[in-house]
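Here the sequence shown is numbered in our numbering, starting from 7 and rising by one per residue.
The beta carbon of each residue, even a glycine, is placed where N, CA and C say it ideally should be.
What follows is one structure encoded as C-alpha cells, with my remarks underneath.
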Amino acid sequence: MAGYRSASSSSAAGAGGAAVFAMRVLLLLTLLPLALAAFAFALQWRGGMRDPTGTVWPADTQRFPGMENSPLGSSSSSTGGRGSYFAVSSASASSAAADCAEILGRSASSHGISLYRGWSFDSDTAITPKICITGSTSASLHQILPWLYYHKVIGVSHFILFVEGEAAKPAVTSVLESIRGVKIIYRTKELKEQQDRSRIWNETWLSGFFYKPCNYELFVKQSLNMEMAIVMAREAGMDWIIHLDTDELIHPAGAREYSLRRLLLDVPDNVDMVIFPNYESSVERDDIKDPFTEVSMFKKNYDHLPKDTYFGLYKEATRGNPNYFLTYGNGKSAARVQEHMRPNGAHRWHNYMKSPNEIKLEEAAILHYTYTKFSDLTSRRDRCGCKPTKEDVKRCFILEFDRLAFIIASTATEQEMRNWYREHVVWTDKDTNLKLLRKGVLTRIYAPMAIIRGLKESGIFIDAVTSAKAHPKANIGLENNESIHTNVTAAQSTTLKEGGNDNSQATARKILEMIDVQEEAVPPMSPPGFLELMESALS
C-alpha cells in the first residue's frame, strides 16, 4: 500500500512539472513576438529601418487612378514621400499650360501618379531592335500625344509623321517637333511635286486606286508617304518599320513582357514581315470623348477565333451591319527594313526583289478605335465631297460601312444620326455583350487604357506642351523638311535613275521586269462574310 502511494505521488509530481514547463514555453512564445515587434518599432522610430520602396519610387509618388475611394487612396501619409509606395501628395498643373490642361486631362487640382515621371523617353542607349512607326495624320494633339507616348512605352523609338490639316498647325507641330525621335513632314507643294515623280505612278500594283477621290486618294497618299518613310528609316538605322494610323494602338500580347521590342526580338531572322491581326473597338456608350482611356471592349479578329465560333456567332456579332467588322479586317504589318523595300498599300509591305517571308501573330493585335465617337460620323462626311447616293459613294469609299455612314451623315437629322449610331455602332445590349465575351468573340483589354491613363495622370503630356512653349525652335519644320526632301531625292535617284554603272542598270532592268507580274496592292478588306464562309466550308 505504501508502495502504491509512493508511485502515485511521484506520478503527480511529474505531471505538475510538465504542466509548469508547458506554461513557460507558452509564455515564451507569447512574449517573443511582442518583444520583436517592440524592437522593430523602436528601430523604425529612431530611423534605423526604412521601407525599401522609398528608395525605388520618387519622393512625390501619388495615387493611382481609381484609388480615390479606397482606404489606401484616401488616407494621407506623413512620411514626406519616403516610406510608402502609396504616399500621396498633390500636384498642380503649370499655369503656362492652362489652355491645354482641359484637353489633355489634367486640372490645377488634379492628383496624378508618378509612375512614368522620371522615365527617359529620350534615351539614346543602344537598344535593339530599333522600331519606327510612320503614319499620315490630320488629328489633333489631344489624339496624337497619347498615341505617340504609348508606343514609346512599349518600345518604339522613332516616328515619321506626315501631317496636314489640324496636325500641321504650329500649335501641334511645335510640340511634336520638340519630342526626340519624331520627324514631321509637311504636305507642301514641294513634297507633292516630288511624290508626283515617284516611280509608283509607272507601276501597276497601285494603279487601281489612282485618280479617285476620298478614301482611294488617301490610300495612294499613304503609299507614297510610306515609300519616303522607308528611305528615312534606313538612313536612321531602323530595324523594323510599321505603318499605323493615329486611331490604332499596337497590343503586343504573347510576348514575355508587354513590349513590342521583345515581341519583334523573338521573331526568327528569316522572317521579313510580321502581320498583326486587328481587333475593332466595341463602344458601349454614345458619349465617348477619349477613346484610348474609355474603351476597353474589342471584337476579336477572325484569325484569332475558332472557325465554328466565328461561323456560329457571325449574325449576332454583325448586328445587321454589312460585315463582321465595321471597317477593315486584314490587320497591319511590321517589316524588316531592307533594300528594295516598297509599300504594298497601307496594310502591307513588299520587296521588288523577292516575295517577303511573312508570319501572322497568334496573340498580338492592332487595336483599331474606329467610329468610337459620335462626331466621327460628321468628321468623315466633312472630309469628302461625294454625293450621298449609293452609286457615287462607291467611287469614294472602299468599305461598305463607310458608304452607309457617309449617306446617313449627309442626309439625316442629328437625332436620326444618333439613333442610327446607337443601333449600328454602340453595344447597348448587355446580355449579348456578356454572351459574346464568354464565347471569346468580344474581349476586354485594359493595358493600353492603364498605360495612357498613367501617362496622363503623371503629367507627361502637359510637360511636353509646356516644354515646347518654353523652348520654341524657329523654323525647325522647314529645316527638317528640306533635309528630308534632299535625302529622299538622293536615295530615290540611286535606284532607277537613268545612266550610272552597269550594276545599277542591271538592277533597274530586273526590277522593271518584275513590275509587270506583281500583284495589286492590299487594300483595306472586310473579314470574310457569311456567304464566303459557307462557300469555303462546302469547298
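Could you give the distance in angstroms between the alpha-carbon of residue i and the alpha-carbon of residue j?
i: Y192; j: T449; result: 38 angstroms
i: Y308; j: P533; result: 7 angstroms
i: G326; j: F317; result: 15 angstroms
i: V62; j: R389; result: Its pLDDT being 37, under 50, V62 is placed unreliably by the model, and the measurement read from it follows with that caveat. When rounded, the distance between both Cα atoms is 49 angstroms.
i: N208; j: W355; result: 18 angstroms
i: D278; j: H157; result: 21 angstroms
i: M359; j: L270; result: 23 angstroms
i: S115; j: S184; result: With a pLDDT of only 35 at S115, under 50, the local geometry of the prediction cannot be trusted, and the value read off the model is given with reservation. Straight-line Cα distance between these residues: approximately 27 angstroms.
i: I137; j: S163; result: 6 angstroms
i: S95; j: L33; result: Confidence at S95 is low in this model, with a pLDDT of 34, below 50, so its placement is unreliable and no value can be given for it.
i: Y285; j: G335; result: 8 angstroms
i: L42; j: L35; result: 11 angstroms
i: A174; j: F331; result: 31 angstroms
i: A25; j: F45; result: 30 angstroms
i: I365; j: N357; result: 16 angstroms
i: S101; j: D469; result: Low confidence applies here, because S101 scores a pLDDT of 41, under 50, leaving its location unreliable and the question unanswered by this model.
i: P362; j: T434; result: 43 angstroms
i: T179; j: L440; result: 43 angstroms
i: V31; j: L37; result: 10 angstroms
i: F165; j: G187; result: 6 angstroms
i: R386; j: L167; result: 21 angstroms
i: Q201; j: M232; result: 11 angstroms
i: I247; j: L212; result: 20 angstroms
i: S98; j: G465; result: Legend: pLDDT at S98 = 37, less than 50; position of this residue unreliable, no value from coordinates given.
i: H430; j: R444; result: 22 angstroms
i: P454; j: P312; result: 25 angstroms
i: K321; j: K306; result: 15 angstroms
i: C392; j: D245; result: 41 angstroms
Using 10 angstroms around the beta-carbon of residue i, count the other beta-carbons present and answer buried if the total reaches 16, otherwise exposed.
i: M234; result: buried
i: R342; result: buried
i: P274; result: exposed
i: S229; result: buried
i: P529; result: buried
i: P258; result: buried
i: T472; result: buried
i: L267; result: As written in the sequence, residue 267 is Arg, which differs from the Leu given in the question. Buried, by the Cβ-count rule.
i: R348; result: buried
i: D382; result: buried
i: P135; result: buried
i: H353; result: buried
i: P64; result: Here P64 scores only 42 on pLDDT, less than 50, and its place in the model should not be relied on; the value that follows carries that caveat. Exposed: under 16 other Cβ atoms inside 10 Å.
i: P478; result: exposed
i: Y452; result: exposed
i: L367; result: buried
i: A28; result: exposed
i: T513; result: Here T513 scores only 46 on pLDDT, less than 50, and its place in the model is too uncertain to base an answer on.
i: G23; result: exposed
i: R409; result: buried
i: F47; result: exposed
So what does residue i bridge to, in DSSP terms?
i: K138; result: Contrary to the premise, residue 138 reads as Cys rather than Lys in this sequence. For C138, which the question treats as bridged, DSSP gives the partners H164 and I247.
i: V280; result: A340 and I365
i: F304; result: S287 and T449
i: H257; result: A371
i: P349; result: W355
i: V169; result: T143 and Y192
Taking the CB atoms as reference points, tell me whether residue i and residue j lie closer together than 7 angstroms.
i: T140; j: H249; result: yes
i: D292; j: F216; result: no
i: F467; j: L224; result: no
i: E170; j: S146; result: no
i: I372; j: F282; result: yes
i: I133; j: S265; result: no
i: N554; j: F412; result: Examination of residue 554 is not possible in this model, given that the chain is present from 7 through 545 alone.
i: V447; j: L255; result: no
i: T376; j: T438; result: no
i: V181; j: A474; result: yes
i: G351; j: A527; result: yes
i: T378; j: S288; result: no
i: A415; j: T384; result: yes
i: T252; j: W153; result: yes
i: E345; j: G260; result: no
i: A323; j: V280; result: no
Can we count residue i as close to the ligand SAH, meaning its CB is less than 6 angstroms from some heavy atom?
i: T179; result: With respect to the ligand SAH, the structure offers nothing, as it holds no ligand at all.
Could you check whether the segment 291-304 touches the segment 442-460, counting it as contact only if at least three pairs of C-beta atoms, one from each stretch, sit closer than 8 angstroms?
Yes, since at least three Cβ pairs between the segment 291-304 and the segment 442-460 fall closer than 8 angstroms, the two stretches touch.
When you compare the segment 420-434 with the segment 229-246, are there three or more beta-carbon pairs, one atom per stretch, that lie closer than 8 angstroms?
Verdict: no, contact absent.
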